[in-house]
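In the numbering used here, the protein residues as written are 4 to 513.
Even for Gly, the Cβ is constructed at its ideal location relative to N, Cα and C.
Here the structure comes first, spelled out in C-alpha cells, and everything after it is commentary.
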C-alpha cells in the first residue's frame, strides 16, 4: 500500500474511534518504525534481555545518556543566566543598562528562541543529532565570548537575540536523546532536570569568587569567559560522544540498541493539531512560563530587599540546593506514587503560591526562595508527560514544537510583567504569576488527567474484549520478498510507528 493510501485510511480515525482490530493496520515498510529493520536483521541473533541485563542497561543509560545530556543542560542554563549574574558583577555599570533594558534583553533572548524553532526542528530531522547539538553548543559559546566586547545596550541586543536563537531547540534535542519507556521517562525527568535547577550552584560560586577580583577588568567579563570556555570544551566533547541515535551510541552493544524513526508523516502532524491534549499542554506551559523570568529577576530582587552582591550570589546557591532537593523528592514521589503527574504538578505549585503571597506582603528572603525554586518541578513533570502521552514519531515532534512555541511566547512576555514603576513590591507581577502560572497551570494538567483517564478506561475494556476473541496486538507491514513480490508480514504493533489514537493498545501514562 502506498503511503498516500495509508494516510487516507488514517484520516477517518477520531479521538476514540480507532481500528476495530490491530490487524486492519497495514503500512508500508518505509512507514513502519525503523526498529523493524533492526529486528528483522538481528532479531534471531539475541535472546531477550535478562533481568540482570536490563538492570545493567538501565544504569548504563542513566550514567551515559542522562549524565551527558544533564551536563549539556547544566551549561545551557548557566549560559542563559549570564546576564542575570552579570547584573551582580558590573555589567549594568559598564554598559549603562537600566532595569527596563534588562527586561527587554530577556525578551529579545526568547524572541530569537522562538523564531529559531521551525528551522531548528527542520535541521534536527536532516542532520545527525549529535553533530547538531555539538555545533549549537559551539555557536553559543562563541556568542557568550562576544558578550565581553559589548559596551552598550545596543550591542547586547544582537548578542542576546542570537544566543536565544542558537539555544532554541537543544531542549527538544535532549528530550529525544532520553529514550526511556514512557513510565520510566516520567520518573527520569526530575533527575535530568537537576542540572537545570542546580545551575545556580556552580554559577553562584563562580560569581562569588569573581567578586573578589582586583583586576581593572570588571568581573562580569571574566564570568563570560569562564562560562564560554567551559561551553567550548563541552562542544568538543559532544562532537565525539553525543550519540546521533541509539544505534550509533558507542556505549551500547548491538543487543541493547534501538533505532529512531525520522520519517515525517503529515497525517500524524494533523492529528497532533486536532488532539485537545496537545493544546492543553501548550496552554499549560504558556501559563507556567509567565513566571519563568522570576529566575532572572531574583538577583535584582535580592538587592532590592537589602542583600549585598556577595550575599546574593550565596543566596542563589542556597536556592539551587533547595531546588535540587525538591527534584530528588519529586523523583522519589513519581517512583512510588506513579500515574499522578497532574497531582504532582499541582502539588509543586502550592509552595510557589504561598511564596508569592508572602513576597507581595512582607518580601522575606524565604518567601522568594519558596516562590522561585518549586514551580520548576511542575514544568519538569509536564514536559515529560507531554511526550509520553503521545504515540508516533511525527505526532511527538509536532507536540514538542507546540510546547516550545508556548514556552517561547510566554517567555517573551514574562520579563515585561516586571514593570520598573512597580518596584520594589511588584504587586502586578506577583498577582499575575499566582493566578495565571501557579493556579492556571494545575487546572490545565488536571483537565489532561481527566481526558486521558477516560481514554484509558475505554481502551482497557476494548483490550479485554480483544483478548477474549484471541486477537493479538499485531499489524501488517507490506514489503518485498526475495522474488520481488509484495507480501504482508505480521509484526508487533509497536513497530508500526502508530499514533496513540491509531493504536488502541496504547495506554496513557498518567
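Exercise. Who are the Cβ neighbours of residue 358 in its own chain at under 6 Å, not counting the five residues just before and after it?
Worked result: Only 370, 373, 374 meet the Cβ criterion.
Exercise. Ordered along the chain, which non-local residues of its own chain (more than five positions away) have a Cβ less than 7 Å from that of residue 327?
Worked result: 197, 200, 201
Problem set entry | Helix, strand or coil at residue 266 [DSSP, three-state] | In the structure shown, residue 266 falls within a coil segment according to DSSP collapsed to helix, strand and coil.
Exercise. Residues in its own chain within less than 6 Å of residue 431 by CB, not counting five upstream and five downstream?
Worked result: Taking C-beta separations shorter than 6 Å and ignoring five residues to either side along the sequence, the partners of residue 431 in its chain run 425, following chain order.
Problem set entry | Spatial neighbours of residue 225 in its chain, beta-carbon cut-off 6 Å, leaving aside the 5 residues before and after | 213
Exercise. Between the C-alpha atoms of residue 195 and residue 68, what's the straight-line distance to the nearest angstrom?
Worked result: 9 Å
For this session: List the whole-angstrom C-beta distance separating residue 381 from residue 291, where the pair is believed to meet the contact cut-off of C-beta under 8 Å.
Result: Yes, they are in contact, since the Cβ atoms of residue 381 and residue 291 sit about 6 Å apart, within 8 Å.
Exercise. By Cβ distance below 6 Å, which residues in the same chain neighbour residue 356 in space, the five residues on each side in sequence not counted?
Worked result: Cβ neighbours of residue 356 beyond the five flanking positions: 437, 441.
Exercise. Near residue 155, which residues of its chain fall below 6 Å by C-beta distance, leaving aside the five closest residues on each side in sequence?
Worked result: 98
Exercise. Is the Cβ of residue 378 closer than 8 Å to any Cβ of chain B?
Worked result: Of the chains in the structure shown, none is chain B; there is only one protein chain.
For this session: Answer yes or no: do residue 172 and residue 123 have a C-beta to C-beta separation smaller than 8 Å?
Result: In contact: residue 172 and residue 123 (Cβ atoms closer than 8 Å).
Exercise. Residue 223 by DSSP, collapsed to three states: which one?
Worked result: helix
Problem set entry | For residue 346, the first and last residue of its enclosing alpha helix (DSSP H) | 344-350
Exercise. So, helix, strand or coil for residue 101, using DSSP?
Worked result: coil
For this session: Ignore the nearest five residues each way along the sequence and tell me which others in residue 170's own chain have a CB closer than 8 Å to its CB.
Result: 79, 82, 83, 116, 139, 143
Problem set entry | Residue nearest to residue 95 in terms of C-alpha spacing, selected from 71, 223, 416 | 223
Exercise. If we count Cβ pairs, one from each stretch, closer than 8 Å, do we get three or more for the segment 446-458 versus the segment 274-288?
Worked result: yes
Problem set entry | Same chain, Cβ closer than 8 Å to residue 413, neighbours up to 5 away in sequence not counted | 288, 289, 290, 291, 292, 293, 295
Problem set entry | When 475, 75, 404 are compared against residue 234, the one with the closest alpha-carbon | 75
For this session: Just list the alpha helix (DSSP H) runs in the segment 92-179, keeping only unbroken ones of 4 residues or longer that don't cross its boundaries, in chain order.
Result: 94-98, 102-118, 120-129, 132-149, 156-170
Exercise. In this structure, does DSSP put residue 311 in helix, strand or coil?
Worked result: coil
Exercise. Out of 280, 415, 239, which has the shortest C-alpha to C-alpha gap to residue 137?
Worked result: 239
Problem set entry | Exposure label - residue 130; buried when at least 16 CB within 10 Å | exposed
For this session: Run the CB neighbour count on residue 470, radius 10 Å, all protein chains shown included, and call it buried at 16 or more, exposed below.
Result: Around the beta carbon of residue 470, a 10 Å sphere encloses fewer than 16 other beta carbons of the protein chains shown; the residue is thus reported as exposed.
Problem set entry | Separation of residue 308 from residue 349, as counted between CA atoms | 29 Å
For this session: Can you have a look at residue 275 and say buried or exposed, based on whether 16 or more other CB atoms are within 10 angstroms of its CB?
Result: Residue 275 is classed as buried because its beta carbon has at least 16 other beta carbons within 10 Å across all chains shown.
Exercise. So residue 128 and residue 408 are in contact, right, with Cβ under 8 Å, and what is the actual spacing, rounded?
Worked result: Actually they are not in contact, since the Cβ atoms of residue 128 and residue 408 sit about 17 Å apart, beyond 8 Å.
Exercise. Among 159, 73, 513, 300, which residue has its Cα nearest to the Cα of residue 457?
Worked result: It is 513.
Exercise. Alpha carbon to alpha carbon, what distance is there between residue 404 and residue 395?
Worked result: 14 Å
Exercise. Of all the beta strand (DSSP E) runs that stay within the bounds of the segment 358-438, which reach a length of 3 or more residues?
Worked result: Complete beta strand (DSSP E) runs here, min 3: none at all.
Exercise. Taking buried to mean at least 16 other C-beta atoms within 10 Å of its own C-beta, is residue 163 buried or exposed?
Worked result: buried
For this session: Check whether the Cβ atoms of residue 90 and residue 105 sit closer than 8 Å, and answer yes or no.
Result: yes
Exercise. Can the beta-carbon of residue 510 be found less than 8 Å from the beta-carbon of residue 474?
Worked result: Against a cut-off of 8 Å, the Cβ pair of residue 474 and residue 510 comes out as no contact.
For this session: Just the C-alpha distance for residue 110 and residue 178, rounded to the nearest angstrom, thanks.
Result: 24 Å
Exercise. If we call anything under 8 Å between Cβ atoms a contact, is residue 204 one with residue 229?
Worked result: no
Exercise. Taking the C-alpha atoms as reference points, what is the distance between residue 318 and residue 422?
Worked result: Between residue 318 and residue 422, the C-alpha separation is close to 24 Å.
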